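Contents: one structure, followed by commentary.
In the numbering used here, the protein residues as written are 50 to 329.
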């Protein structure tokens with residue numbers, strides 16, 4: 050039997066950071082910004098029953114000419130203990146035995162086997178990231194940044210919201226503007242902490258996207274595809290596609306909305322996130 054699942058990476062948060070980074074000029078002169086977002090994810094994963102999860106994120110960012118620092122932490126509410134809730138991909142744990150894998154990985158009903166009445170709420174894992182600008186975008190060269198990411202185990206393991214282990218990641222981001230269009234690519238890796246009874250393969254990560262600016266560059270759309278290498282034998286690697294919208298409501302205030310569709314059993318069937326970031 051496949052037991053409880055633990056989520057080992059912060060996929061939605063990475064997509065949000067990649068997306069906001071594509072529109073970094075909005076906050077180029079601002080040192081500090083705060084953000085808040087609400088996310089909903091649903092899927093069957095490898096089980097017969099559906100799991101629905103809500104996340105309420107709070108975040109803080111510091112940005113200078115070369116450096117960007119970001120931290121966020123979610124409050125999680127979920128109707129099942131089969132999966133954790135930090136915002137990423139799902140893999141089996143020996144935490145306990147419950148829930149048989151289903152034959153259909155994507156396409157369960159929205160209500161799920163447990164429904165919305167049996168919601169458990171708790172704090173998720175703390176996410177930290179730092180980016181350093183190696184090159185700035187101009188007519189001759191792309192924007193290139195080196196990124197470091199850490200997931201700190203602040204979530205409780207007793208409610209299934211965390212693995213109790215640190216995860217570390219590093220990546221290289223390349224962006225290039227072509228008038229009102231933008232191309233984005235990222236390649237990196239994660240070093241995953243192993244909970245008792247599980248040994249993960251540290252995955253390589255690749256993402257690629259394209260976007261366009263509208264409305265005098267007050268609005269932008271970005272489509273982004275992301276693929277991980279295998280983390281556990283016998284389970285599909287992470288594959289997903291997201292579509293994001295950024296809109297500058299006024300100077301120093303940015304609205305972001307991102308929809309994500311999972312393409313493998315280790316991602317949600319569907320996830321949607323919407324939030325605001327504003328300058329202090």
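Each residue gets a CB set at the ideal place from its N, CA and C atoms; glycine is no exception.
These figures come from a predicted structure and were not determined experimentally.
Excluding the 5 residues flanking residue 110 on each side, which residues of the same chain have their C-beta closer than 6 angstroms to its C-beta?
On the chain shown, residue 110 is found 61 positions in, with the first residue counted as 1. Taken in chain order, the residues that qualify are 82 and 119.
Suppose contacts are defined by Cβ-Cβ distances below 8 angstroms. Is residue 200 in contact with residue 215 by that definition?
If you number the chain shown from 1, residue 200 lands on position 151. If you number the chain shown from 1, residue 215 lands on position 166. Yes; because the gap between Cβ atoms is below 8 angstroms, this pair is in contact.
Which ranges would you report for the beta strand (DSSP E) in the segment 214-299 if only whole runs of at least 3 residues count?
Taking only runs of at least 3 residues, the beta strand (DSSP E) segments lying wholly in the segment 214-299 are 216-227, 230-241, 253-263, 268-277 and 288-299.
Quick check on DSSP: helix, strand or coil for residue 168?
The residue you call residue 168 lines up with position 119 of the chain shown. In this structure, residue 168 counts as coil in the three-state DSSP scheme.
I'd like the list of long-range same chain contacts for residue 156, defined as Cβ closer than 6 angstroms, with 5 residues on each side in sequence excluded.
Locating residue 156 in the chain shown gives position 107, where the first residue counts as 1. Low confidence applies here, because residue 156 scores a pLDDT of 47, under 50, leaving its location unreliable; read the following figure in that light. No residues qualify anywhere along the chain.
Rank 96, 190 and 300 by C-alpha distance to the C-alpha of residue 284 and give the top, closest one.
Position 235 of the chain shown, counted from the start, is the residue given in the question as residue 284. Considering only alpha carbons, the answer is 96.
Which term fits residue 264, buried or exposed, when burial requires 16 or more other beta carbons within 10 angstroms of its beta carbon?
The count along the chain shown starts at 1 and reaches residue 264 at position 215. Exposed: under 16 other Cβ atoms inside 10 Å.
If you scan the segment 80-137 from start to end, which runs of the beta strand (DSSP E) of 3 or more residues do you find wholly inside it?
Fully enclosed beta strand (DSSP E) runs of 3 or longer: 81-92, 100-112 and 116-127.
Could you check which residue in 279, 274 and 300 has the C-alpha nearest to that of residue 266?
The count along the chain shown starts at 1 and reaches residue 266 at position 217. The residue with the shortest Cα to Cα distance from residue 266 is 300.
Nearest by alpha-carbon distance to residue 114: which of 232, 180 and 128 is it?
Indexing the chain shown from 1 puts residue 114 at position 65. It is 180 whose Cα lies nearest to the Cα of residue 114.
Please confirm whether residue 260 and residue 231 have their CB atoms less than 8 angstroms apart.
The residue given as residue 260 occupies position 211 in the chain shown. The residue given as residue 231 occupies position 182 in the chain shown. Cβ atoms of residue 260 and residue 231: closer than 8 angstroms.
Rounded to the nearest angstrom, what separates residue 253 and residue 218 at their Cα positions?
Looking up residue 253 in the chain shown gives position 204. Looking up residue 218 in the chain shown gives position 169. In a straight line, the C-alpha of residue 253 is about 10 angstroms away from that of residue 218.
Give a yes or no on whether the C-beta atoms belonging to residue 319 and residue 100 are separated by under 8 angstroms.
Here residue 319 refers to the residue found at position 270 of the chain shown. Here residue 100 refers to the residue found at position 51 of the chain shown. Contact flag unset, no.
Can you give the Cα-Cα distance for residue 276 and residue 177, rounded to whole angstroms?
Here residue 276 corresponds to residue number 227 of the chain shown, with the count starting at 1. Here residue 177 corresponds to residue number 128 of the chain shown, with the count starting at 1. The alpha-carbon atoms of residue 276 and residue 177 are separated by roughly 21 angstroms.
Any idea what DSSP makes of residue 312, helix, strand or coil?
Here residue 312 corresponds to residue number 263 of the chain shown, with the count starting at 1. Here residue 312 sits in coil by DSSP.
Just the Cα atoms here: how many angstroms apart are residue 279 and residue 245?
As a working note, residue 279 is residue 230 in the chain shown. As a working note, residue 245 is residue 196 in the chain shown. Between residue 279 and residue 245, the C-alpha separation is close to 20 angstroms.
Use the C-beta contact count for residue 189: other C-beta atoms within 10 angstroms, 16 or more gives buried, fewer gives exposed.
For the purposes of this step, residue 189 is taken as residue 140 along the chain shown, with counting starting at 1. With fewer than 16 other Cβ atoms within 10 Å, it is exposed.
Output the boundary residues of the beta strand (DSSP E) element that contains residue 182.
In the chain shown, the residue the question calls residue 182 occupies position 133. Where residue 182 is concerned, the enclosing beta strand (DSSP E) stretches over 175-184.
So what does residue 305 bridge to, in DSSP terms?
As a working mapping, residue 305 is identified with position 256 in the chain shown. In the DSSP output, where bridge partners are listed per residue, residue 305 has 295 and 324.
Based on the DSSP secondary-structure assignment, which residues constitute the bridge partners of residue 210?
For the purposes of this step, residue 210 is taken as residue 161 along the chain shown, with counting starting at 1. BP columns for residue 210 are empty, so no partner.
Name the two residues that bound the continuous beta strand (DSSP E) containing residue 201.
As a working mapping, residue 201 is identified with position 152 in the chain shown. Counting along the chain, the beta strand (DSSP E) containing residue 201 begins and ends at 192-201.
In chain order, what residues of the same chain lie with their CB nearer than 6 angstroms to the CB of residue 184, ignoring the 5 residues before and after it?
Position 135 of the chain shown holds residue 184. Taken in chain order, the residues that qualify are 190 and 193.
Which same chain residues, not among the five before or five after residue 238, have their C-beta less than 8 angstroms away from its C-beta?
Within the chain shown, the letter at position 189 stands for residue 238. Closer than 8 angstroms at Cβ, skipping near neighbours: 218, 219, 220, 251, 252, 253 and 254.
Could you name the residues of the same chain whose beta carbon sits closer than 8 angstroms to that of residue 311, not counting the 5 residues immediately before and after it, in chain order?
Mapped onto the chain shown, residue 311 falls at position 262. These residues qualify, in order along the chain: 92, 155, 288, 289, 317, 318, 319 and 320.
Considering only residues of the same chain and omitting the five flanking positions on each side of residue 174, which have a CB-CB separation below 7 angstroms?
Here residue 174 refers to the residue found at position 125 when the chain shown is read from its first residue. Excluding residues within five positions, the ones whose Cβ falls inside 7 angstroms are 135, 200, 201, 202, 203, 204 and 211.
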